[in-house]
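Asks: Here's a structure for you.
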Amino acid sequence: MIESAVLYGQTAPQLTNALHQAGFMNTFTAETMFAAVDLARSIAGFDEGNILLSPACASFDQFRDYEQRGVQFKDYVLSLRDERDD
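Numbered per my numbering, the sequence shown spans residues -19 to 66.
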């Protein structure tokens, strides 16, 4: 079950509107993918929830391509894990 959606990028306003029109109101927006991860992490709670990166649109406004986006997502999440383990 999806409890919250954190949206970022150029299409965040349109996706937010579409979700609200469909009756899903628990939406949040962030400026960047990294800010979205941080926000999702705080919403999910420390070690209590799951966060899924589910790109709905191209992110050429922030990344060269989907591969760069995926690598940067993975690297950022791993860095958060490493910070927690310190």
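The beta-carbon is built from N, C-alpha and C at its ideal position, and this holds for glycine as well.
Let me know the secondary structure DSSP gives L(-13) once reduced to three states.
Replies: The answer is strand: DSSP assigns L(-13) an E or B state.
Asks: So, helix, strand or coil for T7, using DSSP?
Replies: Looking at T7 - three-state DSSP - the assignment turns out to be strand.
Asks: At 4 residues or longer, and completely inside the segment 8 to 60: list those alpha helix (DSSP H) runs for me, N to C.
Replies: Correct list: 13 to 24.
Asks: Tell me which same chain residues have a C-beta within less than 6 Å of the C-beta of Q(-10), skipping the five on either side of it?
Replies: Result list for Q(-10): D41, in chain order.
Asks: Hey, is the segment 5 to 14 in contact with the segment 37 to 57, meaning 3+ C-beta pairs nearer than 8 Å?
Replies: Taking 8 Å as the limit for Cβ pairs, the verdict is that the segment 37 to 57 does touch the segment 5 to 14.
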